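Trainee: Residue numbers (our numbering): 28 to 95.
For every residue, glycine included, the Cβ atom is placed at its ideal position computed from N, Cα and C.
All of these numbers come straight from a predicted model, not from anything done at the bench.
What follows is the structure, encoded as structure tokens:
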């Protein structure tokens with residue numbers, strides 16, 4: 028049985044997750060910078076920081092193994 032198609036799908040999923048994580052990180056970073064520049068409330072800034080940390084910390088592993 029050839030495992031190549033499965034590995035390609037796993038690789039595509041990992042790349043899509045990485046792109047989504049980068050997009051979320053950039054979104055939260057822009058929210059953070061916008062909140063700081065407009066002197067927004069501290070809870071909004073703290074929430075943006077916490078969300079970006081969670082995205083980076085939890086996003087590196089997709090739960091799939093490419094070793095077949």
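When you compare only the Cα positions, how much space is there between residue 42 and residue 77?
Mentor: 23 angstroms
Trainee: Can you give me the Cβ contacts of residue 31 inside the same chain, cut-off strictly under 8 angstroms, excluding the 5 residues immediately before and after it?
Mentor: none
Trainee: Looking only at its own chain, which residues have a Cβ that is under 6 angstroms from the Cβ of residue 39, when we skip the five neighbours before and after it?
Mentor: none
Trainee: Can you list, in chain order, the residues of its chain whose CB lies under 8 angstroms from that of residue 79, leaving out five sequence neighbours each side?
Mentor: Correct list, in chain order: 51, 52, 55, 56 and 59.
Trainee: Look at the alpha carbon of residue 61 and the alpha carbon of residue 81, and state the distance between them as a whole number of angstroms.
Mentor: 20 angstroms
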